[in-house]
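**Student:** Okay, here's the structure, questions in a sec.
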Amino acid sequence: KNEVEQSPQNLTAQEGEFITINCSYSVGISALHWLQQHPGGGIVSLFMLSSGKKKHGRLIATINIQEKHSSLHITASHPRDSAVYICAVSNFNKFYFGSGTKLNVKP
Amino acid sequence: EAGVVQSPRYKIIEKKQPVAFWCNPISGHNTLYWYRQNLGQGPELLIRYENEEAVDDSQLPKDRFSAERLKGVDSTLKIQPAELGDSAVYLCASSPSWGDTQYFGPGTRLTVL
Chain A
1 KNEVEQSPQN LTAQEGEFIT INCSYSVGIS ALHWLQQHPG GGIVSLFMLS SGKKKHGRLI
61 ATINIQEKHS SLHITASHPR DSAVYICAVS NFNKFYFGSG TKLNVKP
Chain B
1001 EAGVVQSPRY KIIEKKQPVA FWCNPISGHN TLYWYRQNLG QGPELLIRYE NEEAVDDSQL
1061 PKDRFSAERL KGVDSTLKIQ PAELGDSAVY LCASSPSWGD TQYFGPGTRL TVL
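Spelled out as structure tokens, the structure:
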């Protein structure tokens, strides 16, 4: 069983749509991280959060500690948002990564 | 400020050959990570350093993999001998300290023939 589960695995959207990617975890955490990986590119950290909600541009990340669940939202999606989005959690001494959600935004 | 630097970016070798990857973390970052990422999967931690000390190498296949971080700055990851199943992207990341945001390098794509 994976400690971090993401859904959906693959997501195709039309430009302009509102997108939600979900992450559930089964371990105690100190923080949750959302990462972005473009095809052939490196990984960029988008958010690190331990409670509530964070917003950066068109990206919003929320976390519900009681439900062990986080969501990443993209408003007004654009083709350049096409990438793999990875959820990861950290606790006392471990990082656990989800397998990623591959997003394709079509023009 | 320079990001995490890795070299080489690509490496193709035949099985049973040795290979080494190099990583230069962001200046001042105490924590350094080596990950392996297979196609379509998330990163898998191989080893984590706090300064020059390896504090988590539980996922490192120690029969063929080795790593070092001399002086707590640059790090090298070595595979000897390489096997076909080692083909993957090897990522290095660093963070100011454990649990902080990680900054990833571009990775080294290894192909073992």
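Chains as they are written, first to last, in the numbering used here: chain A, 1 to 107; chain B, 1001 to 1113. Virtual Cβ for every residue (Gly too), placed ideally from N, Cα, C.
Considering only their Cβ atoms, is the gap separating residue 62/A from residue 53/A smaller than 8 Å?
**Tutor:** Yes. Within cutoff.
**Student:** Taking its Cβ as the centre, do 16 or more other Cβ atoms sit within 10 Å of residue 1027/B, making it buried, or is it exposed?
**Tutor:** Exposed is the call here.
**Student:** Output yes if chain B places a C-beta closer than 8 Å to the C-beta of residue 104/A; else output no.
**Tutor:** It does not: the Cβ of residue 104/A has no partner Cβ on chain B nearer than 8 Å.
**Student:** On the three-state DSSP scale, how would you describe residue 1048/B?
**Tutor:** Residue 1048/B falls in the strand class under three-state DSSP.
**Student:** How is the beta strand (DSSP E) around residue 6/A delimited, first residue to last?
**Tutor:** Start and end: 4-7.
**Student:** Identify the continuous beta strand (DSSP E) that holds residue 95/A and give its terminal residues.
**Tutor:** Residue 95/A -> beta strand (DSSP E) spans 95-97.
**Student:** Please report the straight-line C-alpha distance between residue 27/A and residue 88/A, rounded to a whole angstrom.
**Tutor:** Taking the straight line from one Cα to the other gives about 11 Å.
**Student:** Exposed or buried, residue 1009/B, counting other C-beta atoms within 10 Å across all chains shown (16 or more means buried)?
**Tutor:** Residue 1009/B comes out exposed.
**Student:** If you pair each beta-carbon of the region 1050-1058 of chain B with each one of the region 97-104 of chain A, do three or more pairs fall below 8 Å?
**Tutor:** Segments in contact, no.
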